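Colleague: For the sequence shown, the numbering used here assigns the number 1259 to the initial residue and increments by one for each residue that follows.
Heads up, the beta-carbon is just placed ideally off N, CA and C, and yes, glycines get one too.
Keep in mind that this is a model prediction, so the values were computed, not measured.
Could you have a look at this structure, given as structure tokens, before my questions?
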Amino acid sequence: MAQQVRGVVARSKGAPVTVETITVPDPGPGEAVVAVQSCGVCHTDLHYREGGINDEFPFLLGHEAAGVVESVGEGVTDLAPGDFVILNWRAVCGKCRACLKGKPWYCFDTHNAKQPMTLEDGTPLTPALGIGAFIEKTLVHSGQCTKVDPEASPAAVGLLGCGVMAGIGAAINTGGVGRGDTVAVIGCGGVGDAAIAGAKLAGATKIIAVDVDDRKLEWAKGIGATHTVNAGSGDPVEAIQGLTEGFGTDVVIDAVGRPETWKQAFYARDLAGTVVLVGVPTPDMKIEMPLIDFFSRGGALKSSWYGDCLPSRDFPYLVDLYRQGRLDLDAFVSETITLDQVEQAFDKMHHGDVLRSVVLL
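Here's what the structure looks like:
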């Protein structure tokens, strides 16, 4: 029987979000209803509200979530009511050309729930990243549910559902950071700090945090940065080179996603080094550079999609590290809030006052 619950909706571009009554249908074949326990306030949700993703309003926001499976639909055999799960937006199909090549982390045909959740008047909602988790209960495809240790804190491990996984994966999966490497991370918000945590996990010996905000640089040091550079006080490329005997770092991760920061990343890496773009640019952004610089410097230029993660592989592993005290996910939780405080959380995020606000339900 369909249920009515409270959820956060963006009705039009730029308008403040509202908490509304939403109808959640019973799960159909391959679907699951999850009682949401926590959901991080991610910059992607703000992009949805501002019309920066698409114009399929109204949106049901929220996607960085953990919760407990309440019910499952026909054909679901790997989930059961009571399972503690992190929600993901890469429910691999197993059949597309990426999956058949053995690279499911690039899956080009990921699964979402077929049925819509709706407003009280029957208007269908577009769930953010196919999840929609600023809500008491949400409907997702069963493949979007990854079972993890139920003893873990939902507020902390739910962040693996997007931003923290994107950053850690950018360092480990995409950047291939290894023991003894030097790493620079440009942009020390939630994703950038997660990249710093990932570099530390991988055994990097020098991790340089770059930002224009001294508060964020202090946070980055707490996460694992060994050096900091305030890009507002001079040329960050020169600063990074100065910390690496003039060479630049083995890997530079751009967690901002602007032409100027990408160029900084390109020139701040060592010869044959790797640039990883994990910050999301807008469609109008362009770069113009001498082609000879690409040839003469060699190396690799990569984009990181969701940290090139495979949720079924990476989520349980990272939760285990968290439970062992080797990955401090609690450090990313700046505050816990209610559904009614999401709009204020967007404002705090915009001003750089938090790493993550987390909605608790």
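To the nearest angstrom, how far is it from the Cα of Phe1317 to the Cα of Ile1389?
Modeller: 11 Å
Colleague: In chain order, what residues of the same chain have a beta carbon less than 6 Å from the beta carbon of Pro1412, not counting five sequence neighbours either side?
Modeller: Gln1295, Ser1296, Ala1324
Colleague: When you compare only the Cα positions, how much space is there between Gly1401 and Ala1349?
Modeller: 5 Å
Colleague: Here's a check: name, in chain order, each residue in its chain whose Cβ is nearer than 6 Å to the Cβ of Pro1517, leaving out the five neighbours to either side.
Modeller: Met1543, Ile1545
Colleague: For Leu1304 and Phe1604, what's the separation of their Cα atoms in angstroms?
Modeller: 7 Å
Colleague: Counting along the chain, where does the beta strand (DSSP E) carrying Gly1298 start and finish?
Modeller: 1289 to 1298
Colleague: Apply the 10 Å Cβ neighbour rule to Leu1535 and answer buried if 16 or more other Cβ atoms are within range, or exposed otherwise.
Modeller: buried
Colleague: Report the three-state DSSP secondary structure of Phe1392 (helix, strand or coil).
Modeller: coil
Colleague: Relative to the alpha-carbon of Pro1262, which residue among Gly1286, Ser1615, Lys1395 has its alpha-carbon at the smallest distance?
Modeller: In the sequence as displayed, the identity of residue 1262 is Gln instead of Pro. Selected option, being the one with the closest Cα: Lys1395.
Colleague: With the cut-off set at 8 Å, would you say Ala1460 and Gly1425 are in Cβ contact?
Modeller: no
Colleague: By how many angstroms is the C-alpha of Ser1329 removed from the C-alpha of Phe1392?
Modeller: 19 Å
Colleague: Beta-carbon within less than 7 Å of Ile1481's beta-carbon, same chain only, minus the 5 sequence neighbours each way: which residues are those?
Modeller: Asp1451, Ile1454, Ala1455, Ala1589
Colleague: In three-state DSSP terms, what is Ser1329?
Modeller: strand
Colleague: DSSP three-state label for Ser1561, please.
Modeller: strand
Colleague: When burial is assigned at 16 or more other CB atoms within 10 Å of the CB, is Ala1260 buried or exposed?
Modeller: exposed
Colleague: At the level of alpha carbons, what is the spacing between Phe1505 and Ile1465?
Modeller: Cα to Cα, Phe1505 sits roughly 14 Å from Ile1465.
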